[in-house]
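Here UniProt numbering is used: the first residue of the sequence shown is 1, the next is one more, and so on.
Beta carbons: idealized from backbone N, C-alpha and C, even for Gly.
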Amino acid sequence: MPDRSPSPAALCVDLDGTLVKSDTLYDSVLALARQHPAMLLKLPGWLKQGKAALKRHITASVELNVAHLPYNRELLQYLEQQHATGRPIYLATAADTTLAERVAAHLGLFAGVLASDGSVNLAGKNKLAAFQARFGDNFTYIGNALPDATLLANCLEPMVANPTPSLRAALRKANVTPVRTFIDAPSSFKSWLKAIRLHQWAKNILIFLPLLLAHAWSAGPIVGACIAFLSFGLCASATYIVNDLLDLEADRKHLRKRRRPFAAGDLSILSGIGVVALFLLTSLALALLLPTIVAAVAGAPILPRPYYFLEWLAIYAVTTSAYSFSLKRMVLVDVIVLSGLYTIRIIAGSAATGIPVSAWLGGFSIFFFLSLAFVKRFAELEGLRQRDPAPAQTPVQIQGRGYLVSDIEQLRTFGSASGYASVVVLTLYISDITTGAGQLYVHPHRLWLLVPVLLLWISRLWLLASRGQLDEDPVVYAITDKRSLFMGILVAVIVLISL
């Protein structure tokens with residue numbers, strides 16, 4: 001007798017936020033901003049034609065790498081199991097058909113694709129109507145956001161993946177209980193800590209350097225430096241987020257950077273843009289209030305140019321934005337800009353406290369931070385060479401840079417020479433204050449002990465980089481390496497015994 005058992009319910013899976021943890025529309029817009037920024041001006045006109053037309057135009061303009069999208073691993077494993085049983089699975093998404101079909105072809109799990117076609121945006125009621133026309137009432141659906149509530153309430157077995165709070169509330173109100181939930185997301189708090197790169201705020205300690213070297217311990221300059229530190233930190237975090245958003249495609253191909261919150265889909269692009277706006281506005285407000293607060297604490301205006309710090313904050317923001325958009329892909333220019341961003345922090349500290357930067361400090365910082373910038377690029381190339389030693393003449397495409405693996409020895413020369421040049425500047429400074437009046441130090445000759453400590457730290461940094469044992473970010477290395485922390489304490493002790 002023929003098998004009259006009912007056919008299994010079609011398993012329909014949403015794409016954005018469900019199968020893929022990010023939103024491919026926003027991913028595509030960011031790719032458009034990176035690859036064809038002038039085309040962003042066309043977005044309003046495309047939007048007037050409707051959401052489906054907008055998606056069609058954007059998908060035709062840029063091509064996301066579907067192999068590196070941040071898939072929900074738990075859900076993907078479930079779909080593979082269901083596919084192995086022969087159950088029909090359909091990719092049902094409001095994304096454009098072209099993109100949806102590319103995702104389906106890459107995964108090889110789907111019996112068909114239902115997606116927006118340039119005229120109809122397949123979301124909410126439109127998606128439900130398409131399901132009922134094709135499957136009747138014999139379908140199951142997996143979604144994640146509020147527009148999916150109607151479909152989940154009308155399917156046989158509602159399932160959700162990383163559901164939003166609004167969807168959870170809507171399902172509770174409709175008395176709909178998901179039969180299965182697929183969670184692939186870390187704590188939001190931890191994700192935001194990673195996104196704003198709080199550890200990078202350690203760089204902003206340079207703001208206090210003019211204050212410390214001048215031994216100025218009055219309340220006004222100290223408060224000014226603290227406000228400047230916070231303002232710079234917020235501005236820097238905002239620019240880090242912008243950089244991550246613009247580098248989504250490149251980061252997803254990178255062995256380590258693909259775990260960054262936005263690349264991994266753990267944070268939404270819209271929330272990232274909101275935090276950028278909030279941080280920048282707060283940073284600007286602090287910079288504007290800084291001269292007023294410093295004057296109130298000091299009892300009188302002490303800053304020769306009240307809004308000089310604001311000027312340097314703006315220079316930093318413009319420079320780092322230019323770096324994110326284009327300068328980071330310009331060979332050698334990128335490292336000079338990176339080292340300059342360190343020096344800008346020192347000058348900003350001077351502007352916030354009214355304490356001038358000496359020529360010695362300026363010269364030292366230029367060479368020292370240029371060495372750190374070179375070691376960052378060197379470590380990236382060394383890591384690439386160890387992972388794949390074959391392409392010695394291949395551009396470092398995974399990093400979006402123009403360096404070749406064959407450049408590595410030249411970068412080693414540039415970087416180590418810059419590091420030792422900074423030591424030379426330090427020795428000249430110590431010699432100058434030792435033979436001079438030495439107003440700042442009672443025992444300036446003891447500062448010579450700084451020279452072997454700095455030589456040891458720079459030499460060890462480059463030795464570890466050459467062995468492939470250095471984290472690609474030297475700042476992370478400096479604040480996590482026990483020997484580096486010990487040498488930092490030793491430097492502080494030497495300075496104290498020289499006072």
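Sorted by chain position, which residues of the same chain lie with C-beta nearer than 8 Å to residue i's C-beta, five sequence neighbours on each side aside?
i: residue 120; result: 52 and 126
i: residue 509; result: Residue numbering for the chain in the displayed model covers 1 to 499; residue 509 lies beyond these limits and cannot be assessed.
i: residue 396; result: With a pLDDT of 45 at residue 396, under the threshold of 50, the predicted position of this residue should be treated as unreliable, though the coordinate-derived value follows. The residues are 380, 381, 384, 402, 403, 404 and 405.
i: residue 444; result: 430, 433, 434, 438 and 498
i: residue 479; result: 199, 202 and 485
Specify the secondary structure class of residue i as computed by DSSP and reduced to three states.
i: residue 391; result: Caution applies to residue 391, whose pLDDT of 47 falls short of 50 and renders its modelled position unreliable; the value that the coordinates give is listed next. DSSP places residue 391 in coil when its eight states are reduced to three.
i: residue 112; result: strand
i: residue 11; result: strand
i: residue 403; result: coil
i: residue 23; result: coil
i: residue 16; result: strand
i: residue 479; result: helix
i: residue 71; result: strand
i: residue 39; result: helix
i: residue 194; result: helix
i: residue 204; result: helix
i: residue 217; result: coil
i: residue 63; result: coil
i: residue 58; result: helix
i: residue 320; result: helix
i: residue 386; result: helix
i: residue 467; result: coil
i: residue 177; result: coil
i: residue 150; result: helix
i: residue 258; result: helix
i: residue 302; result: coil
i: residue 107; result: helix
i: residue 235; result: helix
i: residue 416; result: helix
Can you name the start and end residues of the alpha helix (DSSP H) that residue i belongs to?
i: residue 143; result: Unbroken run through residue 143 is the beta strand (DSSP E), 139 to 143; no alpha helix (DSSP H).
i: residue 262; result: Element bounds for residue 262: n/a, residue is neither H nor E.
i: residue 487; result: 482 to 498
i: residue 440; result: Per DSSP, residue 440 belongs to no alpha helix (DSSP H) and is neither H nor E.
i: residue 329; result: Run containing residue 329: none; DSSP gives neither H nor E here.
i: residue 132; result: 125 to 135
i: residue 252; result: 248 to 252
i: residue 187; result: Per DSSP, residue 187 belongs to no alpha helix (DSSP H) and is neither H nor E.
i: residue 271; result: 269 to 298
Can you tell which of the options has its C-alpha closest to the C-alpha of residue i?
i: residue 288; options: 98, 19 and 310; result: 310
i: residue 146; options: 312, 170 and 73; result: 170
i: residue 300; options: 218, 455 and 168; result: 218
i: residue 182; options: 188, 36 and 143; result: 143
i: residue 414; options: 453, 482 and 372; result: 372
i: residue 384; options: 333, 470 and 425; result: 470
i: residue 24; options: 42, 83, 98 and 81; result: 98
i: residue 283; options: 268, 295 and 236; result: 236
i: residue 50; options: 166, 116, 156 and 243; result: 116
i: residue 20; options: 65, 484 and 214; result: 65
i: residue 110; options: 122, 123 and 93; result: 93
i: residue 248; options: 239, 231, 230 and 269; result: 269
i: residue 76; options: 286, 63, 106 and 56; result: 106
i: residue 113; options: 156, 88 and 137; result: 88
i: residue 44; options: 357, 57 and 13; result: 57
i: residue 458; options: 260, 446, 442 and 475; result: 475
i: residue 493; options: 322, 450, 178 and 176; result: 450
i: residue 316; options: 441, 491 and 349; result: 349
i: residue 164; options: 35, 320, 361 and 22; result: 22
With which residues is residue i paired in a DSSP beta bridge?
i: residue 307; result: Bridge partners of residue 307: none, in fact.
i: residue 182; result: 161
i: residue 240; result: Answer is none; residue 240 lacks a bridge partner.
To which residues of the same chain is residue i closer than 6 Å at the C-beta, ignoring the five residues directly before and after it?
i: residue 252; result: 68, 258 and 263
i: residue 308; result: 351
i: residue 221; result: 211 and 353
i: residue 233; result: 201 and 204
i: residue 47; result: 54
i: residue 342; result: 369
Taking 7 Å as the limit between beta carbons, can you name the residues of its chain near residue i, skipping five residues before and five after?
i: residue 186; result: 266
i: residue 333; result: 327
i: residue 496; result: none
i: residue 102; result: 66
Between which two residues does the beta strand (DSSP E) harbouring residue i extend?
i: residue 93; result: 89 to 96
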